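Okay, structure first, notes after.
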Amino acid sequence: MMLRAIWLIVRKDLTVEVRSRELAYTTLFFAISCVLVFAFSLVQEGRAAEGVGAGVLWMTIMFAGNLALGRTFERERQSETLRALMLVPAPRPAVYLGKLAGIVLLLVLTEAILVPLVALLFQAELLAHLFWLVSVVIAGTLGFAAVGTLFAAMLVRARSRDVLLPVLLYPITVPVIIAGVRGTMAIAQPEFEADVVRFWLLLLVAFDVVFITLALWTFEPVMTD
Amino acid sequence: MPKWFNPAILACGVLFAVSPFVIANAPYESTMGLVQKVFYYHMPSAWVFLTASVVCGIASARFLATGNARHDRTALAAAEMAVLFGLLTLVTGPLWARKAWGQWWIWDARITSSLVGWMIAWAYLILRQYGGPGSEKLAAGLALFGMANVPFIYVSVTYWRTIHPATTVVPKLPFSMGFPLMFCLASFYFLMFLLMKLRVRVAEQQARLDAIYLSMDEEA
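Protein chains in written order, with numbering that gives the first Met the number 0: chain A, 0 to 224; chain B, 0 to 219.
Pasting the structure below:
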């Protein structure tokens, strides 16, 4: 029942997205512009400072993620479908998980283009240990999106929600950024240290578990009028 | 307000007026000299900041669970205390650090988690101020996440690097330094208690006034 409800919500979001392609195009274009702006400001004489690539990657994920999060819920608000979504005869947490899955999917697709681009422009050896990189990026994205989905959903009915989302989201996701950047840096290092990467990955996974649990618990009272 | 409130405010004022003399009488710390005296205000404000954050988190959780507005008013007052005393902590810290470490700011676990905790308390107030109706529930959710966040920041920065003196220093202090510290700690906690009492009272009056307006609208 729960899984089916999640799947239906993801499918609904995918159908809307496949028809308009709005989120995918805007998020991707924005992410690429971000990387270019960072490249113009940080790459000098064809060389980027060491370790900058990891930071650029995560900053871009944060900025683009913020944009996508705001937009997915704005869409629900404009067409008054949020109320319908809340009336769905399924447990509330299923609505949250469905939305979360859709956003993670979108962000992972964006990252699939973002990572090679950053590796290329900042001469970062990101792709040498692909398994670790994919794990760290997905774990980090999941943590960021877990908090972001809850806050974006909460803010749908608030005033000045566009400004409030980053104001609330960035301080809370500081650990994700630290762990993501440090983990990615460790992967890009010439002498690869699996222990260091494993530590940051475990921290990200712990963060994911705690924050998804907390979000599932708060989603119901916060979304009820 | 209860009868004891005005005398209590007066007593608190006396405590703070006396505290500079108590601090001045404490012995000089051998390596840092005069600047070490900032510590007598820095640590109490940090403790009060931490206490206020925890109070805000617990009150928010209870508000979300029960829906009782009383807990919400406590959480709001505590968040304001956290912003005020957090600011004091973050200003007095660098003054000391400049002398002790030769740097104004260091990305250490304690400092980073304090800064982020302070930002979350501030975001809590911004959300309540500009979020419009219903934002108190959203803010309660934020406070909950803020509280769960601190251990993560702590672990991540500790693994990254750390330098801040540990809390184990405090019980080892000689009485001549320990007494002024405890004196200031008591004064700060007293101040926090009185300010919170006052803030909760203002929020209660506001809620009552809103209720009266609403009932007048219904009658008209």
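No residue lacks a Cβ here, since even glycine has one placed at the ideal position from N, Cα and C.
On a predicted model such as this, the values are computed, not experimentally measured, just so you know.
For R76/A, the nearest candidate out of V162/A, G182/A, V155/A, L213/A (CA to CA): Residue 76/A sits at position 77 when you count from the first residue of the first sequence. Per the Cα distances, V155/A.
Expressed to the nearest angstrom, what Euclidean distance is found between the alpha-carbon atoms of Q139/A and V87/A? Working through the first sequence from its first residue, we reach residue 139/A at position 140. Working through the first sequence from its first residue, we reach residue 87/A at position 88. Residue identity differs from the one stated: residue 139/A is Gly in this sequence, not Gln. Distance between the alpha carbons of G139/A and V87/A is about 30 angstroms.
Apply the 10 Å Cβ neighbour rule to F225/A and answer buried if 16 or more other Cβ atoms are within range, or exposed otherwise. Coverage of chain A is limited to positions 0 through 224, which leaves residue 225/A absent and any answer about it impossible.
Are L56/A and L113/A close, meaning C-beta to C-beta below 8 angstroms? Position 57 of the first sequence, counted from the first residue, corresponds to residue 56/A. Position 114 of the first sequence, counted from the first residue, corresponds to residue 113/A. Against a cut-off of 8 angstroms, the Cβ pair of L113/A and L56/A comes out as a contact.
Quick check: is the beta carbon of L126/B nearer than 8 angstroms to any beta carbon in chain A? Here residue 126/B corresponds to residue number 127 of the second sequence, with the count starting at 1. Yes, its Cβ sits closer than 8 angstroms to a Cβ of chain A.
Helix, strand or coil for E73/A per DSSP? Position 74 of the first sequence holds residue 73/A. Looking at E73/A - three-state DSSP - the assignment turns out to be helix.
At a CB-CB cut-off below 7 angstroms, which residues of chain B make contact with L213/A? Along the first sequence, read from residue 1 onward, the residue named residue 213/A stands at position 214. What L213/A touches in chain B: L143, F144, A147.
Any beta-carbon of chain B closer than 8 angstroms to the one on T217/A? Within the first sequence, the letter at position 218 stands for residue 217/A. It does; some Cβ of chain B falls within 8 angstroms.
So, is the C-beta of M80/B closer than 8 angstroms to a C-beta in chain A? Counting from one through the second sequence, the residue named residue 80/B turns up at place 81. By this cut-off, M80/B is not an interface position.
Exposed or buried, E190/A, counting other C-beta atoms within 10 Å across all chains shown (16 or more means buried)? Working through the first sequence from its first residue, we reach residue 190/A at position 191. Exposed, since its Cβ has fewer than 16 Cβ neighbours within 10 Å.
Buried versus exposed call for D209/B [16 or more other C-beta atoms within 10 Å across all chains shown]: Taking the second sequence and counting its residues from 1, one reaches residue 209/B at position 210. Result: exposed.
Given this structure, state the Cα-to-Cα distance separating L105/A from G56/B, to the nearest angstrom. By one-based count along the first sequence, residue 105/A stands at place 106. By one-based count along the second sequence, residue 56/B stands at place 57. Going by the C-alpha atoms only, they are around 33 angstroms apart.
Curious, which full-length beta strand (DSSP E) runs of at least 3 residues does the stretch 97-160 of chain B contain? none
Among F144/B, E135/B, P150/B, which residue has its Cα nearest to the Cα of D71/B? Reading the second sequence from its first residue, position 72 is the one you call residue 71/B. Comparing Cα-Cα distances from D71/B to each of F144/B, E135/B, P150/B, the minimum goes to E135/B.
For M118/B, which residues in chain A fall below 7 angstroms Cβ to Cβ? Working through the second sequence from its first residue, we reach residue 118/B at position 119. Going along chain A in sequence order, the residues near M118/B (Cβ under 7 angstroms) are P170.
Run through chain A and tell me which residues come within less than 9 angstroms of V115/B, C-beta to C-beta. Position 116 of the second sequence, counted from the start, is the residue given in the question as residue 115/B. Under the 9 angstroms cutoff, chain A gives P170, I171, V173, P174.
Listed by chain order, chain B residues near F206/A by CB distance under 8 angstroms: Taking the first sequence and counting its residues from 1, the one referred to as residue 206/A is at position 207. Those are F151, listed as they occur along chain B.
If the cut is a Cβ gap below 9 angstroms, which residues of chain B does S159/A touch? Taking the first sequence and counting its residues from 1, the one referred to as residue 159/A is at position 160. By Cβ distance, chain B contributes Y129, G130, G131.
Among T88/B, M80/B, G130/B, L190/B, which residue has its Cα nearest to the Cα of V166/A? Working through the first sequence from its first residue, we reach residue 166/A at position 167. When each option's Cα is compared against that of V166/A, the closest is G130/B.
So for Q43/A, helix, strand or coil by DSSP? One-based indexing of the first sequence puts residue 43/A at position 44. Looking at Q43/A - three-state DSSP - the assignment turns out to be strand.
Got a sec, what are the start and stop residues for the alpha helix (DSSP H) S175/B sits in? Counted from its first residue, the second sequence places residue 175/B at position 176. Unbroken alpha helix (DSSP H) run through S175/B: 174-218.
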